[in-house]
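Numbering (the working numbering), first residue to last: 32 to 99. Cβ coordinates follow ideal geometry from the N, Cα and C atoms, glycine included.
Structure (structure tokens):
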């Protein structure tokens, strides 16, 4: 069976203190978790985009164990 590598884009430039303050950011985390649990997915990557090229999420986002 073929396994997929999936990239999910998100913007870390918003001035949010935690992941739970924005529904779109919450959905990114839930989607990431769903894909990680699927047998047909080899790897899931979170891809940051934006003008300032932020690559490190704020601590409140609780994303330390994700492939960003």
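Buried or exposed by the 16-neighbour rule on C-beta atoms within 10 Å, applied to residue i
i	result
residue 78	exposed
residue 61	exposed
residue 84	exposed
residue 35	exposed
residue 43	buried
Residue range of the unbroken beta strand (DSSP E) whose run includes residue i
i	result
residue 90	Unbroken run through residue 90: none, as it is neither H nor E.
Whether residue i touches residue j by CB criterion (9 Å)
i	j	result
residue 37	residue 74	yes
residue 92	residue 56	yes
residue 70	residue 32	yes
For residue i: DSSP bridge partner residues
i	result
residue 74	36
residue 41	79
Range of the contiguous alpha helix (DSSP H) that encloses residue i
i	result
residue 81	Premise fails: residue 81 is in no alpha helix (DSSP H) and is neither H nor E.
residue 50	Looking at the DSSP string, residue 50 is not in any alpha helix (DSSP H), and its letter there is neither H nor E.
residue 65	54-68
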